Amino acid sequence: MKKKTKLSRWRCLCAYDGTEFNGWQKQTNRESVQDKIEHCLAEIMGTPVRTIGSGRTDAGVHASGQVFHFDA
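Numbers 0 to 71, taken from numbering that gives the first Met the number 0, label the letters of the sequence shown in order.
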């Protein structure tokens, strides 16, 4: 029998300069803010991390209060 691990939900607030990104949401063959954040969180947590954003930005758009969450 496999033991269930209790996960915690982490709420995060971030700001970013979107100049070099193709928006918040992950896209095939384009770098997004979500991709970058998930990559960094995976390095910190030692396991893949999937984020859920509260909204999206378009390519080149900045954000000063983007909220997202992930479970770990």
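Every residue gets a Cβ at the ideal spot worked out from N, C-alpha and C, and that includes glycine.
Model, not experiment: these values are computed from the prediction.
- Task: Output the residue ranges of the alpha helix (DSSP H) runs that lie fully inside the segment 16–65 and measure 4 residues or longer, sorted by chain position.
- Result: Complete alpha helix (DSSP H) runs here, min 4: 32–44.
- Run the CB neighbour count on G52, radius 10 Å, all protein chains shown included, and call it buried at 16 or more, exposed below. Translated into positions along the sequence shown, residue 52 becomes position 53. Answer is buried; the Cβ neighbour count reaches 16.
- Looking only at its own chain, which residues have a Cβ that is under 7 Å from the Cβ of K3, when we skip the five neighbours before and after it? Along the sequence shown, one-based indexing puts residue 3 at 4. Nothing meets the Cβ criterion.
- Message: Are there any heavy atoms of the ligand FAD lying less than 7 Å away from the beta-carbon of A41, as far as the coordinates show?
- Response: With respect to the ligand FAD, the structure offers nothing, as it holds no ligand at all.
- Message: Please tell me whether T50 and F69 are closer than 8 Å, where the distance is taken between their beta carbons.
- Response: The count along the sequence shown starts at 1 and reaches residue 50 at position 51. The count along the sequence shown starts at 1 and reaches residue 69 at position 70. Yes, Cβ-Cβ distance for T50 and F69 is below 8 Å.
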